[in-house]
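Following: one structure in structure tokens, then a few remarks.
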Amino acid sequence: MSITPDDERFMAAAIRLSRRHLGRTTTNPSVGCVIVRDGVVVGQAVTAVGGRPHAEPQALAEAGAAARGATAYVTLEPCSHHGKTPPCAEALIAYGVARVVISVTDPDPRVSGRGISMLRHAGIEVDAGVLEAEGRHSLAAYLTRQTKNRPYVTLKLAVSADGMIGREGEGQVAITGPEARAEVQALRAETDAILVGIGTAISDDPLLTVRIPGLEAQSPVRIVLDPSLALPLTSKLVQTARQVPVIVVASEEASLSQAEGSAPPTDPTDIDSRRTALEAAGVEVVYCNPYHPEILLPALATRGISSLLVEGGAKTARLFLDAGLVDRIQLYQAPVVIGEGGIESPLRATDIPSGFAHRGTSLFGVDRLDEYEREN
Ligand code: AOF
Ligand code: ZN
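Numbering of the sequence shown is given in our numbering, commencing with residue 60 and proceeding in unit increments.
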């Protein structure tokens, strides 16, 4: 059977549904499943928070007997493995579904085409690749971690009309307005981890949590690149480390502390006592080279982090850009003028690196957001 406009419409609904649990199912992907019988939706579900149960068995349970002869729209190939739950392909077969429409095939080596062949062997018609670009977009974090062994990296920058991202020595400077700031919080809520350099952690003293009512529990893990453990015990990050996890990435050699805005070299005993104090406050200290994203990112993937939001400052942004390890750029442009003492943005709308495609523009109050994504 060929793909119809209705197929795309129901797949679009499944993709939209899948976005509901983005950032809350890691390391599992957030998958959407819509079951349709005679043009009517009889069951729909998204992978549960925490990653299980998967989407399909929940949607099938809702459909019940109406699933017999129905079409299931799934954003990811149904699984075929006996993992923590039984295979979803088996459930689709058991309920008597007649057709399965899939957006993206699953790169998990335990599945990888086997879900589709199980279904076909059982006589179910399968169409894959429907709205694949949109499907891949919704599964970007999962696909990146599976195929590249690193998290999907989003760089967020808020740039003033004169090309600045802040003012030297002034802590947090409001560049965007409240609408754009709410949007950034929504982005945090669907991301596993958020990262800043020690310079930003000290000068801005940010909280980096989600404060949208109802979504507070979705705050990402907060990561600070802090080679010599200079993060003050009085900082908001440390003070809230018991509520929302904080990971400090320190260098194995304290002598690397010349880099970004950090404290001057100190004797090792000092470092040891700072480490003890940070850990006593609930901060996790990880030793890994903080200035080599190509080493750091796989280490984060191993810890189950599939998506990472890089929020500042200029040097940290540059570090990830130069390493070619940014997948998406979210560039806010605000009409504010910073002027004297401004910290220049590492990036402006006029110098987006090659290899990034413009994916869209949104307006938040007086601020403009342009989204760029790496093409490949
Ligand atoms: C589906 N539907 O909703 C999801 C799937 O650890 P397990 O046993 O839960 O298996 C994890 C794998 O299951 C994951 O790597 C991916 O291949 C698949 N995720 N599959 O059929 C779903 N979330
Ligand atoms: Zn499954």
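We put the beta carbon where it would ideally sit given N, CA and C, even for glycine.
heavy atom of the ligand ZN below 6 Å from residue i C-beta
{"i": "histidine 113", "result": "yes"}
{"i": "cysteine 138", "result": "yes"}
First through last residue of the alpha helix (DSSP H) which encompasses residue i
{"i": "lysine 215", "result": "It is not in any alpha helix (DSSP H) - lysine 215 instead sits in the beta strand (DSSP E) that spans 211-218."}
{"i": "aspartate 381", "result": "373-381"}
{"i": "cysteine 147", "result": "147-153"}
{"i": "threonine 206", "result": "199-207"}
{"i": "aspartate 263", "result": "257-263"}
{"i": "alanine 174", "result": "Checking the displayed sequence, the identity of residue 174 turns out to be glycine instead of alanine. Its alpha helix (DSSP H) spans residues 173-180."}
{"i": "serine 403", "result": "The identity of residue 403 in the sequence shown is glutamate, whereas the question assumes serine. Not the alpha helix (DSSP H): glutamate 403 falls in the beta strand (DSSP E), residues 401-403."}
{"i": "alanine 358", "result": "352-361"}
{"i": "valine 297", "result": "295-298"}
{"i": "isoleucine 74", "result": "64-77"}
{"i": "arginine 240", "result": "237-248"}
Burial state of residue i (16 or more Cβ within 10 Å)
{"i": "leucine 290", "result": "buried"}
{"i": "histidine 180", "result": "exposed"}
{"i": "glycine 383", "result": "exposed"}
{"i": "serine 262", "result": "buried"}
{"i": "leucine 428", "result": "buried"}
{"i": "alanine 104", "result": "buried"}
{"i": "threonine 335", "result": "exposed"}
{"i": "serine 294", "result": "buried"}
{"i": "valine 297", "result": "buried"}
{"i": "threonine 213", "result": "buried"}
{"i": "serine 413", "result": "exposed"}
{"i": "glutamate 399", "result": "exposed"}
{"i": "alanine 309", "result": "buried"}
{"i": "glutamate 432", "result": "buried"}
{"i": "threonine 235", "result": "buried"}
{"i": "asparagine 87", "result": "buried"}
{"i": "glutamine 389", "result": "buried"}
{"i": "valine 385", "result": "buried"}
{"i": "glycine 123", "result": "exposed"}
{"i": "glutamate 115", "result": "buried"}
{"i": "glutamine 392", "result": "buried"}
{"i": "serine 176", "result": "exposed"}
{"i": "arginine 173", "result": "buried"}
{"i": "threonine 106", "result": "buried"}
{"i": "proline 272", "result": "exposed"}
{"i": "threonine 268", "result": "buried"}
{"i": "leucine 354", "result": "Position check: residue 354 holds isoleucine in this sequence, whereas leucine was assumed. The residue is exposed, with fewer than 16 neighbouring Cβ atoms inside 10 Å."}
{"i": "glutamine 231", "result": "exposed"}
{"i": "alanine 437", "result": "A question about residue 437 goes unanswered here, because the residues of the chain that appear run from 60 up to 435."}
{"i": "glycine 363", "result": "exposed"}
Distance cut-off 6 Å: residue i Cβ against heavy atoms of the ligand AOF
{"i": "cysteine 347", "result": "no"}
{"i": "valine 93", "result": "no"}
{"i": "asparagine 87", "result": "yes"}
{"i": "threonine 106", "result": "yes"}
{"i": "glycine 172", "result": "no"}
{"i": "glycine 414", "result": "no"}
{"i": "lysine 207", "result": "no"}
{"i": "valine 90", "result": "yes"}
{"i": "glycine 102", "result": "no"}
{"i": "aspartate 167", "result": "yes"}
{"i": "lysine 436", "result": "Only positions 60 to 435 of the chain appear in this structure, which leaves residue 436 out of reach."}
{"i": "lysine 143", "result": "yes"}
Extent of the continuous beta strand (DSSP E) run through residue i
{"i": "glycine 102", "result": "99-105"}
{"i": "aspartate 429", "result": "426-433"}
{"i": "alanine 131", "result": "130-135"}
{"i": "isoleucine 306", "result": "305-309"}
{"i": "serine 278", "result": "Premise fails: serine 278 is in no beta strand (DSSP E) and is neither H nor E."}
{"i": "glutamine 389", "result": "387-392"}
{"i": "glutamate 121", "result": "Careful: glutamate 121 lies outside any beta strand (DSSP E), inside the alpha helix (DSSP H) at 114-122."}
{"i": "threonine 420", "result": "415-423"}
{"i": "arginine 111", "result": "Where arginine 111 is concerned, there is no enclosing beta strand (DSSP E), given that its DSSP letter is neither H nor E."}
{"i": "aspartate 186", "result": "184-186"}
{"i": "glutamate 343", "result": "343-346"}
{"i": "glycine 91", "result": "91-96"}
{"i": "glycine 273", "result": "That residue, glycine 273, is in no beta strand (DSSP E); it is neither H nor E in DSSP."}
{"i": "arginine 83", "result": "That residue, arginine 83, is in no beta strand (DSSP E); it is neither H nor E in DSSP."}
Minimum Cβ-Cβ distance from residue i to chain D less than 7 Å
{"i": "glycine 256", "result": "Reference to chain D is not applicable here, since this structure consists of a single protein chain."}
Any non-hydrogen atom of the ligand PLP closer than 6 Å to residue i Cβ
{"i": "asparagine 87", "result": "You won't find the ligand PLP in this model; what it holds is the ligand AOF and the ligand ZN."}
Problem - Cβ contact (3+ pairs, closer than 8 Å) linking the region 140-154 and the region 204-216 - result: no
Handout entry: Three-pair Cβ contact test at 8 Å for the region 183-201 versus the region 335-351
Key = no
Exercise for the section: Evaluate the contact criterion for the region 235-254 versus the region 402-412: three or more CB pairs, one atom per stretch, below 8 Å. Expected result: no
Practice task
Check whether the region 191-199 touches the region 372-381, counting contact only when three or more Cβ pairs, one atom from each stretch, lie closer than 8 Å.
Solution key: no
Exercise for the section: Check whether the region 77-93 touches the region 215-227, taking contact to mean three or more Cβ pairs, one atom from each stretch, closer than 8 Å. Expected result: no
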